[in-house]
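**Q** Residue numbers (my numbering), protein chains in the order written: chain A, 451 to 727; chain B, -2 to 494.
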Amino acid sequence: MSCATALAADPPAQTFQTNCSACHSVDHVLVGPSLVEVAGIYRNNPDGFVQWCLKPEHKRDGFVDMPSMAHLGEPALRELHAYVIAEASGKKEQAKSDTDPFAAPAGTVRRPQVMRIFMPDASPAAIAVALPGDLSFCFDASECRLRYVWKGGFIDGWPYFKANGSSLAKIDGKVVYHEESRPFSFGSDKTFVSKFLGYRTGKDGIPTFRYRIQSGATVEETIRPLPDGQGIERNFTGEGIMFSEDQPKDAEGTSNTRVYLPTPQQPNSVNLTTRWK
Amino acid sequence: MIRHLSYFAALTLGASAASFQIDRLPNPSGVDPQIGGVAALPDGRVAAVFHRGELMFFDPATQKWSKFAEGLQEPLGILAESPSTFVVMQRAELTRIKDSDGDGKADEYETIYDGFGMSGNYHEFAFGPAKGPDGFYYISLNLGSNGAGVREEVRGKWSDLGVLDFKQMVNDPNWGKRSKDAGRMYSRVPYRGWVMKVSPDGKSVEPFACGFRSPEGIGFDPQGNLLVTDNEGDWRGTSPLHVVKRGSFNGHPASLVWREGWDKGDPRMLPVPELDAMRNKETGRFPQGDLANSPTQPVIFPASWGPYAGQMVFGEMNQNRMVRYIPDDVGGFRQCALLPMFDGTALGNGNHRLSFGPDGGLWVGKTHLSWAGAEGLVKITPKDIDTAFIVTSVKLEKAGDKQAFRIHFSQPVSAGADGIAGNRFSYLYRQDYGSPKIDEAALAFGAPQLSEDKREIVLPLEAKQGAIHRIDLAKLRAVDGSALEGSVLYYQATMLP
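1) Who are the near neighbours of D429 (chain B) in its chain, counting only those whose CB is closer than 8 Å to its CB and skipping five residues on each side?
2) Report the residues of the segment 418 to 442 of chain B with a CB closer than 8 Å to any CB of chain A, ordered along the chain.
3) Unbroken alpha helix (DSSP H) runs of length 4 or more, entirely within the segment 141 to 229 of chain B: which are they?
4) In chain A, which residues lie less than 9 Å from S63 (chain B) when you measure between Cβ atoms?
5) Tell me the rounded alpha-carbon separation between Y488 (chain B) and G307 (chain B).
6) Would you kindly check if the distance between the Cβ of L69 (chain B) and the Cβ of Q87 (chain B) is under 9 Å?
7) For Q563 (chain A), which residues does DSSP report across the bridge?
8) Which residues in chain B have a C-beta closer than 7 Å to the C-beta of I567 (chain A)? List them in chain order.
9) Checking contacts by CB at 9 Å: is H628 (chain A) closer than that to chain B?
10) List the endpoints of the continuous alpha helix (DSSP H) containing Q464 (chain A).
11) Where does Y426 (chain B) fall in DSSP's three states?
12) For A701 (chain A) and P250 (chain B), what's the separation of their Cα atoms in angstroms?
13) Tell me whether N582 (chain A) is buried or exposed, calling it buried when 16 or more other Cβ atoms sit within 10 Å of its Cβ.
14) Taking all protein chains shown into account, do 16 or more other C-beta atoms lie within 10 angstroms of the C-beta of T468 (chain A), making it buried, or fewer, making it exposed?
15) Residue range of the alpha helix (DSSP H) that G498 (chain A) falls in?
16) For I673 (chain A), would you say it is in contact with chain B, using Cβ-to-Cβ distances shorter than 9 Å as the test?
17) Could you run through the segment 40 to 57 of chain B and flag, in chain order, every residue whose CB is less than 9 Å away from some CB of chain A?
18) For T92 (chain B), decide whether its Cβ has a neighbour in chain A, counting only Cβ atoms nearer than 9 Å.
19) Which stretch, first to last residue, makes up the beta strand (DSSP E) that contains I387 (chain B)?
20) Starting from the C-beta of G42 (chain B), find all residues in its chain whose C-beta is less than 6 Å away, skip the five residues before and the five after it, and write them out in chain order.
21) Give the range of the alpha helix (DSSP H) segment to which I621 (chain A) is assigned.
22) Candidates B:E150, B:G114, B:A206 and B:G132: which alpha carbon is nearest G141 (chain B)'s?
23) If we cut at 9 Å on Cβ distances, does L366 (chain B) have a partner in chain A?
24) Among all the DSSP beta bridges, which residues are the ones paired with S518 (chain A)?
25) On the premise that L618 (chain A) lies in contact with M569 (chain A), defined as a C-beta separation below 8 Å, what is that separation, rounded to the nearest angstrom?
26) Which residues mark the beginning and the end of the beta strand (DSSP E) in which L138 (chain B) is found?
27) Let's see if you can read the secondary structure: which residues bound the alpha helix (DSSP H) around E489 (chain A)?
28) Please tell me whether S616 (chain A) has its Cβ less than 9 Å away from any Cβ of chain B.
29) H474 (chain A) to S291 (chain B), Cα distance in whole Å?
30) So that I know if they touch, is there some Cβ in chain B lying closer than 9 Å to that of P582 (chain A)?
31) Which one or two residues does DSSP pair with G129 (chain B) in a beta bridge?
32) Under 9 Å, Cβ to Cβ, is there at least one residue of chain A near T342 (chain B)?
33) Specify the secondary structure class of P570 (chain A) as computed by DSSP and reduced to three states.
34) Between P379 (chain B) and S176 (chain B), what straight-line distance do the alpha-carbon atoms span, to the nearest angstrom?
35) Can you pull the DSSP bridge partners for T687 (chain A)?
36) Mind checking if L722 (chain A) is an interface residue toward chain B, Cβ cutoff 9 Å exclusive?
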């Protein structure tokens, strides 16, 4: 350490650690390609390696462009080339394991369950809910409404988790019901500008979503499976809310929705039952 | 099986009197052990939030984890309001998570604030909350990255200020051919690149300051200043530290589009000198590679940390260390010296979120996502900390027509003052990613003057405004022969006295 002055060049291992290791690992793709792959390209082409590091270009779609390493200088980059070749020597690219190390075994999805994650066909503020039985649904916390229901398993979150959200979760099942818009309006509130307030899970683990509608009233919405598993029942509750009596449209001819309006016993509550064929 | 490994580390070159015990705690089984946030509780337990959405408690007495809540989206910060109420920053919202029925499990997930936009871009992380002396929560919002486009459905108002229109910004297989025109990092939905100030009930929200890129670390110093770290990249020659004032612009232009009354078009196209003149200058800079590549959360050392008490330390993702912060007010501007900490220990990298427990132990939550880092929970326990030999203050003073550093130590200096060396350098403020070091030069120090109690050295020099001054104190020794814990300091001289 006696010659450790400010301007001494770092050894290549140190150069690699401080400048490269955030994005490149020895044997698997991190942000950029592995050293094994880089060594395969540049083993006998140190000039090409140095040129690339000085002036990287856009090469791979889906990958972030590498920043220039010109600040390291050509001599250090030549040393780095030798270091990369040596580090990769005898190593093999780790087979791209596309299995989730934390995946629940098939058929063992915990139900009910709430999971906020990027979902297809919804805004980025999506919430996936597994109901008891084999139904799951996607609630959109941006629009405060149900987006769709699927039957089968729950979700495969691995595409999302492994890439920090640059891919969406996959639905493990078949979408059986899809809504383009809210099936009815609250009084004159046709535009349905709403503000998400959160959710509460009951003792049964099923979430009740809360949101404020334009009139300022708070609505609570709970979605449960029908006992025969062939549909869902949705309960909307909110003090002083006037639900319109519009019959919802049967959007795709695949479902049948019935509305149960407030009763004297439950003056602030509406139930909506949707079945599909 | 419970892993419980202890390491006692000491520096090999002139042992430091203090040492740090590093304990790696067991991971919860079946849980992806990447930790987004930690909060030590008064009863000794630690609350942690994980990559896949769990909020769990670790009990050091039993070495066991228990689950409190789940289903959160990429939580990257947690604050305990009580042992049964937590505020967590998720990707989509700031959420209060409560056990309202007292069964030990969360049942209420109350949205405190979700009024910021989401384009669906993967890089739109959300950090915090940090609680201010005013009782408000401060959160920081990452920009989107041109590593991908946006989703077809976004949350929040779309900004048309940019080369690409909405359709062109939507991710598709040809994104790579258009991505350059998006800007390296972008803010096309509200408040990406901003620090937001949110009342605990969510009813009052103020866009507090802008100009951030990837503001991973957010916290308050003992005097109530808001500190925010950012990450090297475009407009960040190296990772900066800002003392953030209300209404300030902190250097990355993308977020300017959400300033009230903004009428200057795509801010990325403004002349660099104009942006440079607008921006709040750095309080500190972490030299990329030399000190830190991705600094994270700041925390304040408690009274039990001897000479460190009341000072602050930042986590760091890429290197096997953390970074200590020593502020210095010059001409009304707060700048600082940054020093490595925990070098030579078995701490490892990935030091993401920090929280001091009631016993003074420093809990460290580690993560990596798809970058460099580590996993799991670590506890740092200082040993013989009262006798630690460290730099305790660094002040840049006027000395005749030049300057001098007045450096204070926790122990008398017995040798090595004549071996102090140093250099200075800077980085470019520019749109390109990162920066080479510029304006490098050796520092010519005058003869160092040791105070009578030998705890202070005055080091005359000609300081350079704007530059980072690197001062190597590795040759200094305490009376017992110890070297400094943290023997190189990087002083950001944004202002000269």
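Beta carbons: idealized from backbone N, C-alpha and C, even for Gly.
**A** In short, the structure shows the following:
1) The answer, listed in chain order, is D231.
2) A418, G419, N420, D429, Y430, G431, S432, P433, K434, E437 and A439
3) With a minimum length of 4 residues, the continuous alpha helix (DSSP H) runs that stay inside the segment 141 to 229 of chain B are 163 to 166 and 172 to 175.
4) None at all; the shortest Cβ gap to chain A is about 16 Å.
5) Per the coordinates, the alpha-carbon of Y488 (chain B) lies some 19 Å from the alpha-carbon of G307 (chain B).
6) yes
7) A:A580
8) Q70
9) no
10) First-last of the alpha helix (DSSP H) with Q464 (chain A): P462 to N469.
11) Here DSSP, grouped into helix, strand and coil, assigns Y426 (chain B) to coil.
12) Confidence at A701 (chain A) is low in this model, with a pLDDT of 45, below 50, so its placement is unreliable and the value that follows should be read with caution. Approximately 45 Å, taken between the alpha carbons.
13) A quick correction: the sequence has Pro, not Asn, at residue 582 (chain A). Looking at its Cβ environment, which holds fewer than 16 other Cβ atoms inside 10 Å, P582 (chain A) is exposed.
14) buried
15) P496 to L504
16) no
17) H48, R49 and G50
18) yes
19) Taken as a continuous stretch (DSSP letters only), I387 (chain B) belongs to no beta strand (DSSP E), as it is neither H nor E.
20) First, the amino acid is wrong: residue 42 (chain B) is Arg here, not Gly. Here the set comprises F54 and D56.
21) Counted as a single uninterrupted DSSP element, the stretch harbouring I621 (chain A) is not any alpha helix (DSSP H) but the beta strand (DSSP E) occupying residues K620 to H628.
22) Nearest of B:E150, B:G114, B:A206 and B:G132 to G141 (chain B), Cα basis: B:G114.
23) Taking Cβ atoms only, chain A reaches closer than 9 Å to L366 (chain B), which makes this a yes.
24) For S518 (chain A), which the question treats as bridged, DSSP gives no partner whatsoever.
25) Correct: roughly 6 Å between the Cβ atoms.
26) Y134 to L138
27) Reading the sequence as shown, one finds Ala at residue 489 (chain A) and not Glu. Its alpha helix (DSSP H) spans residues L485 to Y492.
28) Interface residue, yes.
29) 16 Å
30) no
31) DSSP, once it has assigned bridges, lists no residue as partnering G129 (chain B).
32) no
33) coil
34) 48 Å
35) Per DSSP, the beta-bridge partners of T687 (chain A) are A:E670 and A:S719.
36) no
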